[in-house]
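Trainee:
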Amino acid sequence: MSAPENREWVRLSLLEWYRAHRRELPWRKDSDPYAVWVSEMMLQQTQVATVIPFFERWLKLFPDVNTLAAADEADVLHAWQGLGYYSRARNLLKGARAVVEQHGGQVPADIEALRAQAIVDGNVIRVLSRVYALAGDPGKAAPKRRLWELAEALVPSTTPGDFNQALMELGATRCTPKRPACGSCPLSGECLALGRNEVERFPETPPRAKTTSVHMLAAVIEREGRYLMGKLSDQAPRWSGMWQFPNAELEAGQSSESSLKATATRQTGLQVAPRGLLSVVRHNVTRYRITLDAYRCEVESGEPVPGGDFSELRWMTAEETAGVALPKAHAQIARVVREA
Ligand code: SF4
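Following the numbering used here, the numbering of the sequence shown begins with 185 at its first residue and continues without gaps.
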């Protein structure tokens, strides 16, 4: 087959299969393009079963693109809390604002236009790498560019949403990382990896880097029933716009007490005294296995001045911490504070 013929064949086979075999999922109940768009963003990097409750809650909070466009970024991040990869939430908000500001009144059509783009998530990378036996680490520039070119060449202008969903669905239900179900795959007739009996060779993702343990400390600074929280600035390397308890990595040879005191002073301008361990949170971020010890701290002197990655500080009641966006580990500490 020539390249255009092959693309047309892949497109049609995939769409036909999808229409016959697609799973019933909340965003497939009707064809609201906004709902499907939200689901596509959530499904990049996150499993279907995890996405469903977030998706349903999101649509209650932001039922249409206008509501989302008018929302505060803080509320959008809060609604996304727990899904991780927060740039997806920011991109959704940015996209919604662009649709409303630049094309007011034509919202559904414009969202279709936004969705006419190809999506390259983990499932899509796997399917395309196998069908076209693409060599090279898909995380590197040249293979990544090739994948995008392929995905863009494949996505049809008439039903882009269905096609993106179909590719992701195939990756999730047939072309799985281990033991893919090639026998019931609509693309088996043209799949180069299958033809060469090299299915599990693709994608050529390098083995995961070894995990690294990190010990962190958080200062839960309390004054008159309120807790001092810092808002991460736009320049923060992670979680910008979200709130945290002051925190830092415990350096080798440093005591918890001196680290907490130094962190509090650097990030909040306050001199504090640690008053005992409140909670230990274990979580993973990429290859890091993080142990975060949260200590109650009392203010000894000083006035709050934001420092480090914080652009703002705020004394919050325990209940108020439930109303702002916090990275998962800090949300867990906040829950302990509320329940204490
Ligand atoms: S034939 Fe197998 S390897 Fe090829 S796309 Fe289908 S499930 Fe994946």
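Backbone N, C-alpha and C fix where the C-beta goes; we use that ideal spot for every residue, glycine too.
Owing to the predicted nature of the structure, the values given are computational and were not obtained by experimental measurement.
1. Are PRO387 and ILE309 closer than 7 Å when you measure CB to CB?
2. Starting from TYR479 and walking both ways along the beta strand (DSSP E), at which residues does that stretch end?
3. Between which two residues does the beta strand (DSSP E) harbouring GLN455 extend?
4. Please go through the same chain and pick out, in chain order, the residues whose beta-carbon is closer than 8 Å to the beta-carbon of GLU382, but skip the five residues on each side of it.
5. Any heavy atom of the ligand SF4 closer than 6 Å to the CB of ALA377?
6. Can you tell which of THR230, TRP499, GLU285 has the C-alpha that lies nearest to the C-alpha of TRP264?
7. In chain order, which continuous runs of the alpha helix (DSSP H) of length 4 or greater are located wholly inside the stretch 369–429?
8. Measure the C-alpha to C-alpha separation of LYS213 and LEU199 and round it to an integer number of angstroms.
9. With respect to 6 Å, is the separation between the Cβ of PRO322 and the closest non-hydrogen atom of the ligand SF4 below this value?
10. Rounding to the nearest angstrom, what Cα-Cα distance links GLY289 and LEU277 in this structure?
11. Residues in the same chain with beta-carbon distance under 8 Å from VAL464, minus the five sequence neighbours each way, listed in chain order, please.
12. Of the residues HIS514, GLU208, SER271, which one's Cα is nearest the Cα of TYR411?
13. Determine, using beta-carbon pairs with one atom in the stretch 363–377 and one in the stretch 189–198, whether at least three such pairs fall under 8 Å.
14. Sorted by chain position, which residues of the same chain lie with C-beta nearer than 6 Å to ASN307's C-beta, five sequence neighbours on each side aside?
15. Straight-line CA distance for TYR270 to GLN451?
16. Is VAL308 near the ligand SF4, going by C-beta to nearest heavy atom under 6 Å?
17. Cβ of LEU371 within 6 Å of any heavy atom in the ligand SF4?
18. Tell me whether ARG314, by its Cβ, gets closer than 6 Å to a heavy atom of the ligand SF4.
19. Between which two residues does the alpha helix (DSSP H) carrying TRP264 extend?
20. Taking C-alpha atoms, which residue in GLY425, VAL398, ARG363, TYR202 lies nearest to ARG473?
21. How would you write the range of the beta strand (DSSP E) that MET500 sits in, first residue to last?
22. Name the residue from ALA506, PRO210, PHE347 whose alpha carbon lies nearest to the alpha carbon of LYS244.
Mentor: Reading it off the structure:
1. Going by C-beta atoms, PRO387 is nearer than 7 Å to ILE309.
2. Looking at the DSSP string, the run of the beta strand (DSSP E) that includes TYR479 is 472–485.
3. For GLN455, the uninterrupted beta strand (DSSP E) segment begins and ends at 455–469.
4. Answer for GLU382: ALA317, listed in chain order.
5. At least one heavy atom of the ligand SF4 is nearer than 6 Å to the Cβ of ALA377, so yes.
6. Minimum Cα distance to TRP264 is reached at THR230.
7. Segments of the alpha helix (DSSP H) lying fully in the stretch 369–429: 376–379.
8. In a straight line, the C-alpha of LYS213 is about 18 Å away from that of LEU199.
9. Outside the cutoff, so no.
10. The pLDDT assigned to GLY289 is 47, lower than 50, so where the model puts this residue is not dependable; a value taken from the coordinates is nonetheless given after this. Answer to the nearest angstrom: the Cα atoms are 17 Å apart.
11. Spatial neighbours of VAL464 in its own chain (CB-CB distance under 8 Å, excluding positions within 5 residues in sequence) are listed in chain order as THR475, LEU476, ASP477, ALA478.
12. Ranking the options by Cα distance to TYR411, first place goes to HIS514.
13. The stretch 363–377, when compared against the stretch 189–198, does touch it at the 8 Å Cβ threshold.
14. For ASN307, where only same-chain residues beyond five positions count, the Cβ hits under 6 Å are MET352, GLY355, ALA356.
15. If I take the Cα positions, the gap works out to 23 Å.
16. Distances taken from the Cβ of VAL308 to the heavy atoms of the ligand SF4 include none shorter than 6 Å.
17. Checking the Cβ of LEU371 against the ligand SF4 gives yes.
18. For the ligand SF4, at least one heavy atom lies less than 6 Å from the Cβ of ARG314.
19. First-last of the alpha helix (DSSP H) with TRP264: 257–264.
20. It is VAL398 whose Cα lies nearest to the Cα of ARG473.
21. 494–500 is the extent of the beta strand (DSSP E) around MET500.
22. Nearest Cα to LYS244 within the set ALA506, PRO210, PHE347: PRO210.
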